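Just so you know, the protein sequences line up as chains A and B, in that order. Heads up: the first sequence at position 313 corresponds to 313 in the working numbering, and the numbers run straight through without jumps. Heads up: the second sequence at position 55 corresponds to 1055 in the working numbering, and the numbers run straight through without jumps. The C-beta atom is built at its ideal place from N, Cα and C for all residues, glycine as well. From a predicted model like this one, the values you see are computed outputs, not experimental measurements. Following: one structure in structure tokens, then a few remarks.
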Amino acid sequence: MKALVWHGKEDIRCDEVTDPQIEDPRDAIIKVTSCAICGSDLHLFHNFIPGMLPGDIMGHETMGEVVETGDGMDGKLKKGDRIVVPFTIICGQCEQCKRGNFSVCETTNRKRHLAEKVFGHTTAGLFGYTHLTGGYPGGQAEYLRVPFADTTHIKIPEGLSDEQVLFLSDIFPTGWQAAAQCDIEPTDTVAIWGCGPVGQMAIRSAILLGANQVIAIDCLPERLSMAEAGGATVIDFKTESVMDRLQELTDGRGPEKCIDATGMESHVMPSQPDTILDRAKQMLMLESDRPHVLREMIYLCRPGGVISIPGVYSGFSDKIPMGALMNKGLTVRTGQTHVNRWTDDLLRRIADGEIDPSFVITHTVDLEHGPEMYRLFRDKQDSCVKVVLKP
Amino acid sequence: MYYVANIMRSKGDPKIVRSGPRHVPPANRLARSLGWFSIGLGALELFAPRRITRTLGMQGNETLVRAFGLREIFSGIMSLSVDRNAGLWSRVAGDGLDAAALMSAMTRHNPKKHNVALALLMIGGIAMLDYRGAQETARRPQNGRRRLYPDRSGFPKGLAAARDAARKVLSHTKASVS
Ligand SMILES: NC(=O)c1ccc[n+]([C@@H]2O[C@H](COP(=O)([O-])OP(=O)(O)OC[C@H]3O[C@@H](n4cnc5c(N)ncnc54)[C@H](O)[C@@H]3O)[C@@H](O)[C@H]2O)c1
Ligand SMILES: [Zn+2]
Ligand SMILES: [Zn+2]
Chain A
1 MKALVWHGKE
11 DIRCDEVTDP
21 QIEDPRDAII
31 KVTSCAICGS
41 DLHLFHNFIP
51 GMLPGDIMGH
61 ETMGEVVETG
71 DGMDGKLKKG
81 DRIVVPFTII
91 CGQCEQCKRG
101 NFSVCETTNR
111 KRHLAEKVFG
121 HTTAGLFGYT
131 HLTGGYPGGQ
141 AEYLRVPFAD
151 TTHIKIPEGL
161 SDEQVLFLSD
171 IFPTGWQAAA
181 QCDIEPTDTV
191 AIWGCGPVGQ
201 MAIRSAILLG
211 ANQVIAIDCL
221 PERLSMAEAG
231 GATVIDFKTE
241 SVMDRLQELT
251 DGRGPEKCID
261 ATGMESHVMP
271 SQPDTILDRA
281 KQMLMLESDR
291 PHVLREMIYL
301 CRPGGVISIP
311 GVYSGFSDKI
321 PMGALMNKGL
331 TVRTGQTHVN
341 RWTDDLLRRI
351 ADGEIDPSFV
361 ITHTVDLEHG
371 PEMYRLFRDK
381 QDSCVKVVLK
391 P
Chain B
1001 MYYVANIMRS
1011 KGDPKIVRSG
1021 PRHVPPANRL
1031 ARSLGWFSIG
1041 LGALELFAPR
1051 RITRTLGMQG
1061 NETLVRAFGL
1071 REIFSGIMSL
1081 SVDRNAGLWS
1091 RVAGDGLDAA
1101 ALMSAMTRHN
1111 PKKHNVALAL
1121 LMIGGIAMLD
1131 YRGAQETARR
1141 PQNGRRRLYP
1151 DRSGFPKGLA
1161 AARDAARKVL
1171 SHTKASVS
């Protein structure tokens, strides 16, 4: 089959690989009908997250049709079922899974010793996302083996298109969890840094969760226009002062809830000198992330507020204003998304026509053109917001 | 062909049979060459500043040359990284500094001033390459028209309806809590 394979920094190719095979009774194999490229894939494309090996298959936003199952499905999944695959692999039986903390499932990381060394504990296995999280082959391919498939799936009822439900795999629940973790009150202003696919989903989620005002920050006109369409007031950080505008929009109080939908690769630019220093430190391996957005959020958030971080950070961040964080009594909430905690509710909302996540798709191409699409999405060319691949 | 990567996969994992083509935009190749050039020159300036000052008749400026060497290495590594655009711009700025330093050595009584002139000429040429590279590796669309998405709310029933429904639910849950 064909698959998008990581060969090194900025080197993803469409390779011919062998078909995946069932290894365990709880495995299933799906024929992929749609998959997508995520902002997290860009961190891997740049080799900013340690633990990728040449030959790793990319992709963690995938859906398709079950073509083969192991014999441990317990009636929960069968050939012919149409499923979306959550990017977090879950066992459904460990204590964390029982609590709904799916992204820190204690069983599914098959390279747990690596995670334990680096993070102190193991976290869940993830598709197409470094050997720290199991080194599982990803879903930007024609076929995908889903481990623990009896629990790791979202069954899709008839009548919904791939485009409507594909993002249940990651970015929709990710934006949703980012907003849900804010415990939004009807008087709240929610400020969201980054209007990529995750930011866009967070904006819609904050609206659906009843925020009084949603403010979105980015510098790309096409993304800001999409944010505005979703109900956000926008700030272009290239031409406006984020601090002044936020103060103005909140009568000088600052937003109660702040969401970082940018992550470790904040734009490097002279008007934000800390990003230049971070970039230099990254080069000398003195720091792994560029946490400009975190610093800005902590400084601008209203005391007593919440900082919610769906954006991915990989290792060590410097100059985090702990004094402001502590004295303002801010709450920090973060994590890889506990996808299945939210998907029943979100699937119902899609089916009821409350929301249609396909609005974010700007490019649909076949798998062979995937490598070019990585560049296009990374470079924000051609007004790209989200790329869907059709194997 | 033999792929090392394949031995690290478990038995049911897909293994590479044939690798597809690698896409490297031409501008990135230019950035690569300039990056390595920068590192090479930087190393020379850092470790053998005397040779340079002697050739240019600029004895006594070794510390300056060393500092320039560090700068070259920094720009070089940056030009090889994913932020090659920033690296190339820093090279353009560096070319300016180099030229300024060389101009100061273009005095009548410098016996090596023909070497200085030659170096200035070279820098002129390289600066043009650096500038071209910086232009071509810019990440934003240089030509293509930009599309905007003012009609993509994501709410099939409209934004106002989504807002209203949410507020109703919120006030409802609030009421039932108190
Ligand atoms: N927690 C999770 O489970 C999870 C899931 C999916 C994605 N993510 C992470 O979410 C982040 C965003 O993903 P995406 O797909 O939207 O990626 P993306 O790269 O398309 O979007 C990032 C956006 O941030 C903007 N940005 C950069 N610097 C900024 C700054 N200083 N201020 C404001 N905006 C800035 C960029 O212009 C861009 O539009 C990534 O870090 C990704 O890894 C996390
Ligand atoms: Zn993702
Ligand atoms: Zn578990």
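Within this structure, are the beta carbons of residue i and residue j separated by less than 8 Å?
| i | j | result |
| --- | --- | --- |
| D188 (chain A) | K117 (chain A) | no |
| L319 (chain A) | R295 (chain A) | According to the sequence shown, residue 319 (chain A) is Lys rather than Leu. Closer than 8 Å, so yes. |
| C195 (chain A) | L166 (chain A) | no |
| P137 (chain A) | G70 (chain A) | no |
| S1033 (chain B) | S1075 (chain B) | no |
| L346 (chain A) | L300 (chain A) | no |
| I1077 (chain B) | M283 (chain A) | yes |
| G80 (chain A) | E68 (chain A) | no |
| V84 (chain A) | I156 (chain A) | yes |
| W193 (chain A) | D260 (chain A) | yes |
| F48 (chain A) | F87 (chain A) | no |
| A1027 (chain B) | V1092 (chain B) | no |
| D236 (chain A) | C219 (chain A) | yes |
| Q164 (chain A) | D356 (chain A) | yes |
| M226 (chain A) | R1152 (chain B) | yes |
| L1046 (chain B) | G1012 (chain B) | no |
| H338 (chain A) | F102 (chain A) | yes |
| S1081 (chain B) | L1088 (chain B) | no |
Using C-beta distances below 8 Å, list every residue in its chain close to residue i, excluding the 5 sequence neighbours before and after it, in chain order.
| i | result |
| --- | --- |
| R1051 (chain B) | L1044 |
| T233 (chain A) | Q213, V214, I215, A216 and L249 |
| A1161 (chain B) | F1155 |
| G376 (chain A) | Here residue 376 (chain A) turns out to be Leu, not Gly, going by the sequence shown. Once the five neighbours on either side are set aside, the close Cβ partners of L376 (chain A) are H363, D382, C384 and V387. |
What separation, rounded to the nearest whole angstrom, lies between the Cα atoms of residue i and residue j?
| i | j | result |
| --- | --- | --- |
| S279 (chain A) | A216 (chain A) | Sequence check: residue 279 (chain A) is Arg here, not Ser. Cα-Cα distance, rounded: 25 Å. |
| R364 (chain A) | A141 (chain A) | Per the sequence shown, the amino acid found at residue 364 (chain A) is Thr instead of Arg. Their Cα atoms are separated by approximately 15 Å. |
| V387 (chain A) | G263 (chain A) | 19 Å |
| H267 (chain A) | Q181 (chain A) | 25 Å |
| P20 (chain A) | E368 (chain A) | 19 Å |
| A124 (chain A) | K1157 (chain B) | 37 Å |
| Y313 (chain A) | H1109 (chain B) | 58 Å |
| M322 (chain A) | P310 (chain A) | 19 Å |
| E265 (chain A) | L44 (chain A) | 11 Å |
| A1166 (chain B) | E354 (chain A) | 10 Å |
| R254 (chain A) | P221 (chain A) | Reading off the sequence, residue 254 (chain A) comes out as Gly, not Arg. Rounded to the nearest angstrom, the two C-alpha atoms are 24 Å apart. |
| V5 (chain A) | R1022 (chain B) | 11 Å |
| A351 (chain A) | L160 (chain A) | 7 Å |
| D289 (chain A) | I30 (chain A) | 35 Å |
| K1112 (chain B) | S1090 (chain B) | 28 Å |
| L1064 (chain B) | R1054 (chain B) | 14 Å |
Note down, in chain order, each residue of its chain lying with its Cβ closer than 7 Å to the Cβ of residue i, except the 5 sequence neighbours on either side.
| i | result |
| --- | --- |
| A1119 (chain B) | L1056 and L1102 |
| E16 (chain A) | K2 |
| H7 (chain A) | R13 and P54 |
| R348 (chain A) | none |
| G210 (chain A) | I184 and P186 |
| N109 (chain A) | A115, T122, T123, A124, G125, T133 and G134 |
| N1006 (chain B) | K1015 and I1016 |
| D1095 (chain B) | I1123, I1126, A1127 and D1130 |
According to DSSP, simplified to helix, strand and coil, what is residue i?
| i | result |
| --- | --- |
| A141 (chain A) | strand |
| D244 (chain A) | helix |
| M52 (chain A) | coil |
| K9 (chain A) | coil |
| Y299 (chain A) | helix |
| I307 (chain A) | strand |
| C258 (chain A) | strand |
| Y136 (chain A) | strand |
| I1007 (chain B) | helix |
| D24 (chain A) | coil |
| Q272 (chain A) | strand |
| C97 (chain A) | helix |
| R341 (chain A) | helix |
| G64 (chain A) | strand |
Looking only at its chain, what residues have a beta carbon closer than 6 Å to the beta carbon of residue i, apart from the 5 residues adjacent to it on each side?
| i | result |
| --- | --- |
| P147 (chain A) | D27 and I89 |
| I1073 (chain B) | I1039 and G1042 |
| G51 (chain A) | T130, H131 and L132 |
| R333 (chain A) | Q181 and S308 |
So does residue i have its beta carbon nearer than 7 Å to some heavy atom of ligand 5?
| i | result |
| --- | --- |
| Q381 (chain A) | Ligand 5 is not part of the structure shown, which contains ligand 1, ligand 2 and ligand 3 as its ligands. |
Since residue i meets chain C, which of its residues come closer than 8 Å, beta carbon to beta carbon?
| i | result |
| --- | --- |
| P1026 (chain B) | Within the model displayed, chain C is absent; protein chains A and B are what it includes. |
Task: For review: beta carbons within less than 5 Å of any heavy atom in ligand 2 - done: A:C38, A:S40 and A:D170
Task: Pocket of ligand 3 defined by Cβ to heavy atom distance under 5 Å - done: A:C91, A:C94, A:C97, A:C105 and A:T107
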